[in-house]
Amino acid sequence: MSYETNMRFKLSVLAIGLQTLIIILFGIFVRYETPHNADPQTNTTLRDDTFIDLYPLFQDVHVMIFVGFGFLMTFLKRYGFSSVGINLLIAALGLQWGTLMQGLWHLHDGKIEINILKMINADFSTATVLISFGAVLGKTSPVQMLIMAILEITVFAGNEHLVGFLGASDVGASMTIHAFGAYFGLAAAAVLYRPSLKDGHVNEGSVYHSDLFAMIGTLFLWMFWPSFNSAIAEHGPPQQMAIINTYFSLAACVLTAYAFSSLLEHNGKLDMVHIQNATLAGGVAVGTCADMNIGPFGAMTIGFIAGIVSTLGFKFLTPIVASKLKIQDTCGVHNLHGLPGILGGTAGVAAAALGAKPGCSPIMQGAALAATFGIAVVGGVLTGFILKLPIWGQPPDPNCYDDSIYWEVPLDEEEPENNYHNEHGKVKIEA
Amino acid sequence: MSYETNMRFKLSVLAIGLQTLIIILFGIFVRYETPHNADPQTNTTLRDDTFIDLYPLFQDVHVMIFVGFGFLMTFLKRYGFSSVGINLLIAALGLQWGTLMQGLWHLHDGKIEINILKMINADFSTATVLISFGAVLGKTSPVQMLIMAILEITVFAGNEHLVGFLGASDVGASMTIHAFGAYFGLAAAAVLYRPSLKDGHVNEGSVYHSDLFAMIGTLFLWMFWPSFNSAIAEHGPPQQMAIINTYFSLAACVLTAYAFSSLLEHNGKLDMVHIQNATLAGGVAVGTCADMNIGPFGAMTIGFIAGIVSTLGFKFLTPIVASKLKIQDTCGVHNLHGLPGILGGTAGVAAAALGAKPGCSPIMQGAALAATFGIAVVGGVLTGFILKLPIWGQPPDPNCYDDSIYWEVPLDEEEPENNYHNEHGKVKIEA
Amino acid sequence: MSYETNMRFKLSVLAIGLQTLIIILFGIFVRYETPHNADPQTNTTLRDDTFIDLYPLFQDVHVMIFVGFGFLMTFLKRYGFSSVGINLLIAALGLQWGTLMQGLWHLHDGKIEINILKMINADFSTATVLISFGAVLGKTSPVQMLIMAILEITVFAGNEHLVGFLGASDVGASMTIHAFGAYFGLAAAAVLYRPSLKDGHVNEGSVYHSDLFAMIGTLFLWMFWPSFNSAIAEHGPPQQMAIINTYFSLAACVLTAYAFSSLLEHNGKLDMVHIQNATLAGGVAVGTCADMNIGPFGAMTIGFIAGIVSTLGFKFLTPIVASKLKIQDTCGVHNLHGLPGILGGTAGVAAAALGAKPGCSPIMQGAALAATFGIAVVGGVLTGFILKLPIWGQPPDPNCYDDSIYWEVPLDEEEPENNYHNEHGKVKIEA
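Below you can see the structure in the form of C-alpha cells.
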C-alpha cells in the first residue's frame, strides 16, 4: 500500500482547526475558580491553600507526562524526535480537550471552573493517549495521533464518570488510566496490524545512547509516581498513605524486576527493556488501592508481584500477543500498563473486600474494572478503524520507526545511518 | 584577526577576583531575613509559611535556569560542554551579582535581607544574561560571558527598578527579562558581527542526539514556565491565575508551532528548531498579563498567536536580520524571547486598557516596554564594544561553535570528528 | 584470576531473598504514622501540614538520589547502563533497608512509624552506598553492590545514631553521609585493589555524549542540594538558613572550581571531570553548619574553599592515592565527598566554637567527625574483605568498566565499538 505522507496541509489545518475550536469552547464554557465565583459556603482560605499545596504534586505529574512518557519512548534508535516531540503535541492538545471533556460532567452554573484539581485531571487524561501511543509507536502519523487524542479522551472521560457513578475507588487510576489506555491502544493496534512487520523491522531496536535517554523517562516516572497516585487523594492520612504505599511498592518492584530480568536470560544478563519498564509496574499496580489502609507490607507485596508479572509479560507474552493475536505492541504497554493495571484493579477488589477503605464495595470495584476493560476495547477498535482510513499520512511499512519521514533530521546523523547501511545492507527509502 | 585563546590566567584571575569581591560585599551588606530582623509589624508566621510555600516554585525556576537554558543550547553538535557548562558559570555568578544589584534598590537598615523572593529574583536576573548568551553562543569566550553577566545584570536591575517606578506590571517579565535579554544580546551580537561567518560555519548545526539533549531543556522550560510567571505574583487568585494562564497559553502555543512548522516546509516535515523554541513562546508572551484577569480564553489566544509569530520569525526573519542588520543570532533568541516579549508587553497594554488588573495604566505599560527596549539596546551596544576588545580570549572564526578551544574534549569523540572530516573535507584548526 | 560472571541465579536469588525478608520484617515492624497511632499529645494538624510541606523537599532529594547520583556516573563511555541502572537497584533496596535500620533506633510501641521524615532519611541512607559505589564503579558486580548496600547501611545507621547520641549537629550530613560514604568506599576499594589496572584501562574514559549525560546528574544534584541540606532541619529560620546557605555556598564553589580547573591546565582549558564534580563540593562542605547562623558570607567562604580543595584533589591527590595508597577511586569520591566532607565537619567544629548554633559543642562536633571517619574505614575494610570472596560474579580485569558483562547491550552500538577497535587495536573480551 502506498500513502501520501506529506503532512503539510493535513497537520496544519487539523491542528489549527482543533485549537481554534477549543479556544472558542473555552471562551464559552471555561473560567477560573476564584473566591468570587466559588461557592460562598466554602472556606476560601482553604481553597487558596489547596491550590498552592497541591501545585508541587501537579508539577510532578506534569514532568511525568512530558518528560517521563516522552523520554521513555526514545529507546528506539531512529525515533527519538517523534517519541518526545509527538508526545508533547498529543499532551498539549489532550490537556485542553481533557479539561473540556472532564469538565462537562461537572459544570457549575454551566461553566467549567479551573482549579488545581482540574489541571491535574487534565494532565491525567492525556496519560491514556500517551499509553496508547506506546502501543502504536512508530506506525502512525502525527495526524493520526491528534485524532486518537480527541477520540480516546472523550471516551476516557465518559468511562471515568461511569466508574465514579458506580462508587468505585481508583485514586491512582490503575483501571481508568493504565488498563484503559493499554487496552484502548492494543485494540487500535490490532486493527492497524501490519503483516509485513511481523518479523521485525531494521529500525525497531535501540542504540546505546538511546537506551540512556529512555532511562531519563523511566526515572522521572519512577520518582514522581507517588505524586501521581496521591495528587487527587483526600487531604490528610489518605494522601499520605497513597504516597507511602507507592514509594514502597515501587521499591519492591525494582528488586523483582531485576531478579527476573537476570533469571530469564540464560547468561544472566539484565535486559534494558525490563529495567526501563517493569520497574514501574509497582506504581501502576498499587494505584487503585494506594489511598487504602493496606499497610506498607501490603503495598510492597503488590509491587513484588507486579515486577514479576511485568517482566514475565515482556519475555513470554509479548511474542504470543504479536503472533497469535496479531497485536504489535511497540513499547510493550500490555506489560507495563495492561497487566499491572488489571492486577491493580483486582487488588482493589480484594482490598475493598478486606475493608481497607470505608464505603468501598468489592462488587462495584469489579464492575468498574470490567466496564473499563470493555469500553476501552470497543473504543480502541472503533478508533482503529477510523485511523485505518488511508488519508491520515501514515508511514509505509519500510518507513516505520523512522523520524525522517515526518521530521527534518540532521544530515550528519552518522551513527544511525551507518547502522542502517552497514549492518542491514538496505537503502533507506525516502518519503 | 588572531586571538590569544589560552584562558589560563584570564579566567582564573577574573573568576576568583569577582568571587572575592562578592564575598566581601556580602559580608558588608547581606544578611538573612529572619523574624529577628524583620519588621516587627509583619506577621512572622506568615513569613515562615511564605518561604516554604514558595520554595517549590523557586526550585522550578532554578531548574529552568540551569537545566532548561543549559540544555536548550546543547543542540549544536560540538558545543554541548560550553552550552551547559558556561550556562552554569554565568548563572552561578549572576545570581550572586543579581542579589547585590537588585538588593541595593531595596535596602533595609542599609542591609540586603535574603528571603525566598530575593532568591527567585536573583535567579530571574541571570535569565537575562542566559538569553543574551543564546544570541552570541559559540562566538564568545567564558571570560567575555563573565563580563557580560556583570554588566547586563547591573543594567537589568536598574531597568527593572524603573519599570516598577513607572507603576507598570510585568509579573512574568515578558518585558524586563525576555525582551530585555533578547535585545541586549542582539545589540551586542551586532557589534560583535563576524563577516566571515555570514555563510554559516561547519559546526553550526546539530546531530541527532544533540537535538534530543536540547529537548531536555525545552521540556523543563515548558513544564515549569507556570512557576516562572507566578513565582512573584501576589498570593491567592493572582498567583493562581498566573499559573492557569501560563498553562493554557503554552498548550495552545504548541499546536500552532507544530502547525506552522509543518506548513512552512514544502514537504510538510517538522523542524526541530521550531519545536525546541517556538513551543515556548506562549510562556514568554503571556508573562506580562499572567496575573491579570484575561481568562483562560485570553491566555490561549495569546499563546496561539505567539506560536505563529515565533515560527514565522525563525523561518523568515532570522535570515533577514542576519543579512540586512548584520546580527548573527545563534539560537534565534529574537524569535523566542524578542518578538514574543514585545507581544507580551503589547498584550499587557491591551489588558490594562481593558481593566484586567486594577490600577494598571496602559500608558505606563507602554512606557515600560519602550524604556526596556531602549535601555536594552543601548546597554547591549556598549557591552558589545567592551567585549570587542581583543583581549578576552574570544575564539577565531574557524574555532567558533567548538568546545575544544576552551575544554578538554575526549579524544575518542568519534561522531563529530567523522562529520567534520568526511562531510566537509576540512581539517580541524587547533587552538 | 578467573571469575564466573554469570549472575543468573546469584542475582535473582539474592534479590528475591532480600526482598522477601524485608517484606516480612515490614509486616512485623512497620506501619503508617497517622493521627490514630500518633502520640495523642501531638498536634495532629501540624503533622498533616508537615508531611505535605516537606514532600517537595523529599522529592528533590529523591531526584538527587536516582537521577543525580545515577547520571553523574554515566560519564564512562561504556558503563552508562550500570551507572544509572545499578544505582537504581542499590537505592531501591537501600531505602527499604534504611527504613528498617534507622527505624530500629526509634521504635514507637515496638513499631517503625512511617512519615515524611522517615522517607527522607531512608533516601539519605542510600546516598552513602551510592557514594561508595562511585569509588568502586566499574570493578564490582551487581551482586557485590547489593551486599555492600546491606552492610554499609547497617553500619551507617549505627554511626548516625552515635553522632546523635554525642549531641553533634550534622543537618546536611557532611560527616555522616559524605565523609562516611567516601571513606567507607575508599577503604573497600583499597581491599579490592586490582594491580593490573594501575596504568588505566581502555574503557576508563568518557566520550562526548557520555559527558553530557553526566551533566544531567551534576545539575540535578547542584540545583536540589539546598533541599538535601534543609529537609530535616527545624521548621522556620533554621530550615530557611539551610536553604540560603547552601544556595550561596554552591554558587561561590562554581566560580572557584572553574577558576582552578582552567588554572591547573597549562593551556587553560576546562576539564569536565572538575566541572561535573568540584562544582558540587560547596554543597557537601556547607552541610554540617547549613542550619547554623554562619551568615551568607560564611556560607560563601566555605563554598569558595571547597571548590578549590576539590579541584586540587582531582588534579594532584587522586594520582597519589592511586599509586601510593593503592586505592583506585573511579569517580574521585575522595575529592567530591571525602575532603569536602571533612572540610564540612571541621567548619562545624569552628562554627560551634563561634556559637553559631545554640547548644552545639565543638568538642562533640570533632568527636563525631573522628568517630565517623574511624567507623567508615573499619566498616569499609571489613566489607571489602567480604566482597573480595571470588564468588560474587565480579568482572575480570579486562571486562571492567564494561556494561556488556552484566547487560544485554545493543549490537549496533557503533560508537564505542569503533573506539575500542580503531583506537586501541584490541579485541573485546567477551564474558
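Protein chains in written order, with our numbering: chain C, 1263 to 1693; chain Y, 1263 to 1693; chain A, 1263 to 1693. Just so it is clear, CB atoms sit at the ideal spot from N, CA and C, and this is done for glycine as well. This one's a predicted model, so the numbers in the text were calculated from it and none came from an experiment.
Counting only Cβ-Cβ distances below 7 angstroms, A1513/A has contacts in chain Y at A1354, L1357, Q1358, in chain order.
At a beta-carbon threshold of 7 angstroms, none of the residues of chain Y lie near M1485/C; the nearest stands roughly 14 angstroms away. Across the structure, C1551/A and D1311/C are spaced so that their CA atoms are roughly 32 angstroms apart.
Residues are counted here when their Cβ sits less than 8 angstroms from a Cβ of chain A; for the stretch 1518-1541 of chain C these are T1518, Y1520, A1521, F1522, S1524, L1525, E1527, H1528, N1529, G1530, K1531, L1532, D1533, M1534, I1537, T1541, given in chain order. Of all C-beta pairs linking the stretch 1562-1570 of chain A to the stretch 1538-1554 of chain A, three or more are shorter than 8 angstroms, placing the two stretches in contact. Secondary structure remark: continuous alpha helix (DSSP H) runs of at least 4 residues inside the stretch 1530-1604 of chain Y, in chain order: 1534-1539, 1543-1547, 1557-1574, 1580-1585. Going by DSSP, I1374/C is part of the beta strand (DSSP E) stretching over 1374-1376. Listed in chain order, the alpha helix (DSSP H) runs fully inside the stretch 1309-1354 of chain C are 1331-1334, counting runs of at least 4 residues. Here DSSP, grouped into helix, strand and coil, assigns Y1294/C to strand.
Annotation note: the stretch 1391-1420 of chain C contains no uninterrupted beta strand (DSSP E) run of length 3 or greater.
Residues of chain Y with a Cβ closer than 9 angstroms to the Cβ of Y1668/C are, in chain order, S1524, G1530, K1531, L1532.
Cβ proximity to chain A below 9 angstroms picks out S1468, V1469, Y1470, H1471, S1472, D1473, L1474, F1475, M1477, I1478 from the stretch 1468-1479 of chain C. Between M1437/C and G1603/C, the C-beta gap is smaller than 8 angstroms, which places the two residues in contact. In the three-state DSSP reduction, H1370/Y falls in the strand class (E or B). When the five nearest sequence neighbours on each side are left out, the beta carbons in the same chain lying within less than 7 angstroms of the beta carbon of E1295/A are those of E1375, I1376, N1377, in order along the chain.
Taking one beta carbon from each stretch, the stretch 1591-1598 of chain C and the stretch 1394-1414 of chain C have 3 or more pairs nearer than 8 angstroms; the two touch. W1669/A is bridged by DSSP to L1532/C. Judged by DSSP in its simplified three-state form, E1422/C adopts helix. Straight across, the Cα-Cα distance linking V1433/Y with G1426/Y is about 11 angstroms. Under the 10 Å beta carbon count, S1458/C is surrounded by fewer than 16 other beta carbons and is classified as exposed. A Cβ of chain C is located within less than 8 angstroms of the beta carbon of Y1509/Y. The beta carbon of Y1663/A is closer than 7 angstroms to those of L1338, R1340, Y1341, G1400, H1463, N1465, E1466 in its chain, skipping five residues each way along the sequence.
In summary, I1314/Y is buried, with 16 or more beta-carbon neighbours lying within 10 Å of its beta-carbon over all protein chains present.
Residues of the stretch 1548-1572 of chain C with a C-beta atom less than 7 angstroms from some C-beta of chain A are G1557, P1558, F1559, M1562, T1563, F1566, listed in chain order. For L1424/A, no chain Y residue has a C-beta closer than 9 angstroms to its own C-beta; the minimum C-beta separation is roughly 31 angstroms. The closest CA to that of A1353/A, considering only G1330/A, I1667/A, N1555/A, D1659/A, is found on G1330/A.
In this chain, the alpha helix (DSSP H) harbouring Y1445/Y covers 1442-1453. Annotated three-state conformation of L1644/A is helix, per DSSP. It is roughly 21 angstroms from the alpha-carbon of A1450/C to the alpha-carbon of N1539/C.
Around the beta-carbon of I1286/C, fewer than 16 other beta-carbon atoms lie within 10 Å, marking it exposed. Using a CB distance cut-off of 8 angstroms, I1378/C does not count as an interface residue toward chain A. The C-alpha of A1444/Y is placed about 22 angstroms away from the C-alpha of A1612/Y.
Out of D1533/C, L1673/C, F1475/C, P1620/C, the CA that lies nearest to the CA of S1666/A is found in D1533/C. In the DSSP assignment, A1519/Y falls within the alpha helix (DSSP H) that extends over 1499-1526. Contact check between the stretch 1466-1477 of chain A and the stretch 1626-1634 of chain A: fewer than three CB pairs, one atom from each, fall below 8 angstroms, which does not count as touching.
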